[in-house]
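**Student:** Mapping to this note's numbering: the sequence shown position 131 is 144, numbers consecutive.
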Amino acid sequence: MSHFEATRDAYGRALVELGERYENMVVLDADLSGSTRTAKFAEKYPDRFFNLGIAEQNLMNTAAGLALSGKIPFVSTFAIFATGRAWEQVRNTIAYPALPVKIVASHAGLTVGEDGSSHQALEDIALMRVIPNMSVVVPKDGPETVNVLRAIIETPGPVYVRLGRAKVPSLSQPDDQFELGRGEALAEGDDIAFIACGIMVGKALEARKVLQREGISARVINMASIKPLDEDLVIRAAEECGAIVTAEEHTILGGLGGAVSECVTAMHPVPVQRVGVNDRFGQSGGADELLLHYGLSVEGLVEAAGRALDLKGLNT
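Have a look at this one:
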């Protein structure tokens, strides 16, 4: 039976672990430490935790100052505030000088659920991906979140990590390795390739089983590293499968689907179908209901695969 854990819960665990190893690590929050799980670090290391209150722009500027003072700041709030309200500070104060600030934002995507459109960040990957010097990571589960944190604390420059509120099945092993700029093939196939991130990785694996019963061989790639993108892995999928479906809990504009499409268009054009929110705002509702309503489902992935295969000319 699968273990379920929210990526934000894994983040809380990872902070405490890293705090023991890195004395120059500090954690900042914007009055949401219970929700972002930074409260665990605050309890163990109160002298290295800073609650800046509901002042997200100041949060980012303070993190930049601490980085310039030799600290490794981890900054947390909800994704809508980290990437929306404080975008200018992230761009000019953190990314322009390439400071080692790790922005780990929770409550991203539709699975924030009943909090509704105002809190469902569906644009955050695009907003961070467009900033020079910024790396962007979307872990698929709890164990990968921990491994991402272990990797990025050693990575120069700023990193944006996108976490969720809802519990998700653990597909990774605790001893798996994460490397920025590298994706991983979770299942092989040669008719079509799913390239997914976050909670959509598990749905892509389920969609693969459905297609398998129809005689279609689907590859599944976990692309947690949105930027830098593993272009070699994407192009190999394009060459060997001839059609791609991207999947993300995010707008189809400017996120993983955009990154993959840009790569494929430039280097090995094949049909790409993007599964995500189609240029719409979210709304209030249960997490699973919303995913189904917006087509972020196994059925939605299977339908997208059919469209891609039609374009490829293999579907009968």
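Glycine is no exception: its CB is placed at the ideal position from the N, C-alpha and C atoms.
These figures come from a predicted structure and were not determined experimentally.
Within the same chain, show all residues whose beta-carbon is closer than 8 Å to that of V277, passing over the 5 residues directly before and after it, in chain order.
**Tutor:** V247, I248, A251, I257, V283 and V285
**Student:** Am I right that A231 and R221 are in contact with their C-beta atoms under 8 Å? What's the rounded C-beta distance?
**Tutor:** Correct: roughly 4 Å between the Cβ atoms.
**Student:** Which residue spans inside the region 272-328 form an unbroken beta strand (DSSP E) run of at least 3?
**Tutor:** 285-290
**Student:** By DSSP, does Y24 sit in helix, in strand, or in coil?
**Tutor:** When secondary structure is reduced to three states using DSSP, Y24 falls in the helix class.
**Student:** Does DSSP classify I144 as helix, strand or coil?
**Tutor:** coil
**Student:** Does Q190 pass the burial test, meaning 16 or more other C-beta atoms within 10 Å, or should it be called exposed?
**Tutor:** exposed
**Student:** Tell me whether E261 sits in a helix, a strand or coil according to DSSP, three-state version.
**Tutor:** strand
**Student:** Which residue or residues does DSSP assign as beta-bridge partners of S87?
**Tutor:** Note on residue identity: the sequence assigns Phe, not Ser, to residue 87. F87 is bridged to V40 and K115.
**Student:** Please check the pair S48 and H120, which I expect to be a contact at CB under 8 Å, by giving their CB distance rounded to whole angstroms.
**Tutor:** 7 Å
**Student:** Can you tell me the Cα-Cα spacing of E219 and I234, whole angstroms?
**Tutor:** 13 Å
**Student:** Buried or exposed, going by whether 16 or more other CB atoms sit within 10 Å of the CB of I138?
**Tutor:** buried
**Student:** Within 8 Å, do at least three Cβ pairs link the region 51-66 to the region 16-29?
**Tutor:** yes
**Student:** Could you give the first and the last residue of the continuous alpha helix (DSSP H) run that contains A248?
**Tutor:** Ala is not the amino acid found at residue 248; the sequence shown has Ile there. Note, I248: alpha helix (DSSP H), E244 to C254.
**Student:** Can you tell me where the alpha helix (DSSP H) with S46 in it begins and where it stops?
**Tutor:** S46 to T49
**Student:** Please confirm if the region 188-205 is in contact with the region 261-271, defined as three or more CB-CB distances below 8 Å between the two stretches.
**Tutor:** no
**Student:** Given that a residue counts as buried once 16 or more other Cβ atoms are within 10 Å of its Cβ, and exposed if not, what is S89?
**Tutor:** Buried.
**Student:** How many whole angstroms separate the CB atoms of G211 and R175, which I take to be in contact at a CB cut-off of 8 Å?
**Tutor:** 7 Å
**Student:** Would you tell me roughly how many angstroms separate the C-alpha atoms of M14 and A179, rounded to the nearest one?
**Tutor:** Summary for M14: the model assigns pLDDT 48, below 50, so the residue's position carries little reliability, and this model does not support an answer.
**Student:** So what does DSSP say about R178, is it helix, strand or coil?
**Tutor:** In the structure shown, R178 sits in coil (DSSP, three-state: anything other than H, G, I, E or B).
**Student:** Sort D323, A200, D292 and G194 by Cα distance to D245 and report the nearest one.
**Tutor:** G194
**Student:** To which residues does DSSP link E109 through a beta bridge?
**Tutor:** Here residue 109 turns out to be Tyr, not Glu, going by the sequence shown. The partner list for Y109 (beta bridge, DSSP) is empty, contrary to what the question assumes.
**Student:** State the Cα-Cα distance for the pair T124 and Y307, rounded to the nearest angstrom.
**Tutor:** 11 Å
**Student:** Would a C-beta distance cut-off of 8 Å place R98 and E127 closer than the cut-off?
**Tutor:** No, Cβ-Cβ distance for R98 and E127 is not below 8 Å.
**Student:** Taking only three categories from DSSP, how would you classify A92?
**Tutor:** helix
**Student:** Check each candidate in P110, K57 and L303 and name the one with the smallest Cα separation from A76.
**Tutor:** P110
**Student:** Based on DSSP bridge pairs, tell me the residues matched to K240.
**Tutor:** V149
**Student:** Given a cut-off of 8 Å on the beta-carbon distance, is the pair K216 and V311 in contact?
**Tutor:** yes
**Student:** Which of the three DSSP states, helix, strand or coil, is assigned to F191?
**Tutor:** coil
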